[in-house]
Amino acid sequence: MPTNPIPFEIHPSSGVPIYRQLIDQVQALIVGRKLKPGDLLPSVRNVAQAASINPMTVSKAYSRLEADGIVERVRGQGMKILKTTPSGTRKQRQQQFRKLAEPAIHRARQLGLTDDEIQNILKGLLNETAEESKP
Amino acid sequence: MTLPISIQGLKKNFDQKQVLREVNLEVPAGTVLGLLGKNGSGKSTLIKCLLGLLRTTGGSATIFGDDAWNLTTATKAQLGYVPQEVVSYPWMRVRQVIAYTAAFYPTWNHQLVDRLCRQWQLPLEDRIGPLSTGQLQTLGIVLALGHEPDLLILDEPVASLDPSARRHFLQTLIEIIDQPNRTVLFSTHITSDLERVANRVAILRDGQITFHGELDELKDRVKRLHIASRQPLPNSFAVPGALQCDVEGTAATVSVADFDASLVPQMQATWDADVTVHDLSLEDIFIEMHEQ
Numbered sequence: 001m002p003t004n005p006i007p008f009e010i011h012p013s014s015g016v017p018i019y020r021q022l023i024d025q026v027q028a029l030i031v032g033r034k035l036k037p038g039d040l041l042p043s044v045r046n047v048a049q050a051a052s053i054n055p056m057t058v059s060k061a062y063s064r065l066e067a068d069g070i071v072e073r074v075r076g077q078g079m080k081i082l083k084t085t086p087s088g089t090r091k092q093r094q095q096q097f098r099k100l101a102e103p104a105i106h107r108a109r110q111l112g113l114t115d116d117e118i119q120n121i122l123k124g125l126l127n128e129t130a131e132e133s134k135p
Numbered sequence: 001m002t003l004p005i006s007i008q009g010l011k012k013n014f015d016q017k018q019v020l021r022e023v024n025l026e027v028p029a030g031t032v033l034g035l036l037g038k039n040g041s042g043k044s045t046l047i048k049c050l051l052g053l054l055r056t057t058g059g060s061a062t063i064f065g066d067d068a069w070n071l072t073t074a075t076k077a078q079l080g081y082v083p084q085e086v087v088s089y090p091w092m093r094v095r096q097v098i099a100y101t102a103a104f105y106p107t108w109n110h111q112l113v114d115r116l117c118r119q120w121q122l123p124l125e126d127r128i129g130p131l132s133t134g135q136l137q138t139l140g141i142v143l144a145l146g147h148e149p150d151l152l153i154l155d156e157p158v159a160s161l162d163p164s165a166r167r168h169f170l171q172t173l174i175e176i177i178d179q180p181n182r183t184v185l186f187s188t189h190i191t192s193d194l195e196r197v198a199n200r201v202a203i204l205r206d207g208q209i210t211f212h213g214e215l216d217e218l219k220d221r222v223k224r225l226h227i228a229s230r231q232p233l234p235n236s237f238a239v240p241g242a243l244q245c246d247v248e249g250t251a252a253t254v255s256v257a258d259f260d261a262s263l264v265p266q267m268q269a270t271w272d273a274d275v276t277v278h279d280l281s282l283e284d285i286f287i288e289m290h291e292q
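These protein sequence lines are chains S and C, in that order.
Under the working numbering, the residue at position 84 of the first sequence is numbered 84, and the numbers go up by one with no gaps.
Under the working numbering, the residue at position 252 of the second sequence is numbered 252, and the numbers go up by one with no gaps.
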């Protein structure tokens, strides 16, 4: 399996530690299906050199991703993306989504949208993404 | 294993002036430590005491277990140093200075030096005298790397380099630390470079190390809070462990040195306020810590 070079966009002067920027970007790539289960992350050395950052920082990010069950260390190959299985109870996951949706709904009301309009947009989005989310 | 760097209760006076009051610092192998401090905080003095270039007034400094004032040849062979101002022989050509330095080391890596010279575009046939400060500094870095030292100490290595030369320097540093036992200590006030390559930071202030730890930990701990209350904040408004605190009417901006997530609901309840937490860059952290 070839490793795809990932153009990590690192902002060293952001208040967010670099290892967390890497974790966030890997997760975003998985969510956006740019990285699929079975894909390999680029080597620590490649990322460190391409982004001019300390290799230990990259290792740290990869270890966290491994501990969180997002990737798996495969000997002689590198870090392989795992199939994500949702964690937590259904109730907890619903709660998580509520937190994400709440500010979006507030913003929609500020924009002067009616409840019907908001619901239609949500339904539209659900339909558009229905195919993508199927494994 | 003996530590690459161990400094215990180090003191240094110049006449009556106390520059280092009591410095304690231990650097384990494999660390890239950024030494931060304002101008005149004693960074160069600390480095010179550590290298045995200055005699200490009290306390001890060792490199690989060797007393700094009496470094053995074996320890010196493992050591690379780039001073703040690189001094070399003005009548020599760059090529000659490199050959001259190489002759002192049995393990000189000619291949590496050739490659670095090309990368940094060092004019090998030029004489040292008319080189620019940046070129001299680059040469100093190349000379310090030629024998592939286990411990590299750099005093403001990038101060006179342009952005692209600085980036070359960082790339080289990253190649060096690819080997897990290499240790690097560099002093700087360019925090963005330090953020890229350092995994640990030590902050020198008033002759003492006021913080030494992981860079990520520092970023996780120092935060700025914006507080917007529904009523005017009283004079008694205070936040435990605050570095800075600005209150204006119903709003306040506070930076804290030891952020704990439980602080937010606690403050929301106490002051009937909205609290937002902001991450800080190392530069912001440095400033907050120095304006106390």
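Built from N, CA and C at the ideal position, the CB exists for glycine as well.
Note that this is a predicted model, so its numbers are computed, not measured.
Would you grab the beta carbon distance between residue i and residue j for me? Rounded to a whole angstrom, and I think it's under 8 Å.
i	j	result
I7 (chain C)	N54 (chain S)	Not quite, the Cβ-Cβ distance comes to about 23 Å (not below 8 Å), so this is no contact.
A273 (chain C)	R230 (chain C)	7 Å
S52 (chain S)	R167 (chain C)	6 Å
N181 (chain C)	D150 (chain C)	6 Å
L280 (chain C)	G15 (chain S)	5 Å
P37 (chain S)	K99 (chain S)	Not confirmed; about 26 Å, so no contact.
G65 (chain C)	G9 (chain C)	Incorrect: roughly 17 Å between the Cβ atoms, too far for contact.
V82 (chain C)	V197 (chain C)	About 15 Å; that fails the 8 Å criterion.
V19 (chain C)	G207 (chain C)	6 Å
How about residue i and residue j: are their beta carbons less than 8 Å apart?
i	j	result
T188 (chain C)	V158 (chain C)	yes
T172 (chain C)	L143 (chain C)	no
T45 (chain C)	K12 (chain C)	yes
T183 (chain C)	F286 (chain C)	no
A68 (chain C)	L79 (chain C)	no
G146 (chain C)	V113 (chain C)	yes
L139 (chain C)	S88 (chain C)	yes
T210 (chain C)	L233 (chain C)	no
S13 (chain S)	E195 (chain C)	yes
P163 (chain C)	I128 (chain C)	no
Y62 (chain S)	V44 (chain S)	yes
V94 (chain C)	P123 (chain C)	yes
Q84 (chain C)	D15 (chain C)	no
Q21 (chain S)	I6 (chain S)	no
L3 (chain C)	V27 (chain C)	yes
L185 (chain C)	L35 (chain C)	yes
V71 (chain S)	L113 (chain S)	no
V247 (chain C)	F237 (chain C)	yes
I141 (chain C)	F104 (chain C)	no
F8 (chain S)	Q25 (chain S)	yes
I227 (chain C)	M267 (chain C)	yes
D220 (chain C)	P17 (chain S)	yes
W120 (chain C)	A165 (chain C)	yes
Using DSSP bridges, identify the partner residues of residue i.
i	result
S187 (chain C)	C:L35, C:D155
A202 (chain C)	C:L35, C:H212
E26 (chain C)	C:S6
L79 (chain C)	C:L151
A251 (chain C)	C:A228, C:E248
L20 (chain C)	C:K12
R127 (chain C)	C:R93
V256 (chain C)	C:K223, C:A242
D67 (chain C)	C:T62
Tell me the residue span of the beta strand (DSSP E) that contains residue i.
i	result
D279 (chain C)	273-279
Q244 (chain C)	242-248
N13 (chain C)	5-14
V222 (chain C)	Where V222 (chain C) is concerned, there is no enclosing beta strand (DSSP E), given that its DSSP letter is neither H nor E.
Q53 (chain S)	Note that residue 53 (chain S) is Ile in the sequence shown here, rather than Gln. Where I53 (chain S) is concerned, there is no enclosing beta strand (DSSP E), given that its DSSP letter is neither H nor E.
I63 (chain C)	58-63
K80 (chain S)	78-81
V74 (chain S)	71-74
Check for me: the alpha helix (DSSP H) holding residue i runs from which residue to which?
i	result
R20 (chain S)	18-31
K43 (chain C)	43-50
M289 (chain C)	282-290
T133 (chain C)	133-145
S164 (chain C)	163-176
I105 (chain S)	90-110
L112 (chain C)	110-119
Consider the C-beta atom of residue i and the heavy atoms of the ligand FAD; say whether any pair is separated by less than 7 Å.
i	result
K219 (chain C)	Inclusion of the ligand FAD in the displayed structure is not the case, the ligand content being empty and no account of it being possible.
Three-pair Cβ contact test at 8 Å for the stretch 108-121 of chain C versus the stretch 61-78 of chain C: no
At least three beta-carbon pairs within less than 8 Å, the stretch 238-256 of chain C to the stretch 211-220 of chain C: no
Would you be able to state if there are at least three C-beta pairs under 8 Å between the stretch 176-184 of chain C and the stretch 28-38 of chain S? no
Okay, do the stretch 191-203 of chain C and the stretch 275-290 of chain C touch, 3+ Cβ pairs below 8 Å being the bar? yes
Determine, using beta-carbon pairs with one atom in the stretch 113-129 of chain S and one in the stretch 34-42 of chain C, whether at least three such pairs fall under 8 Å. no
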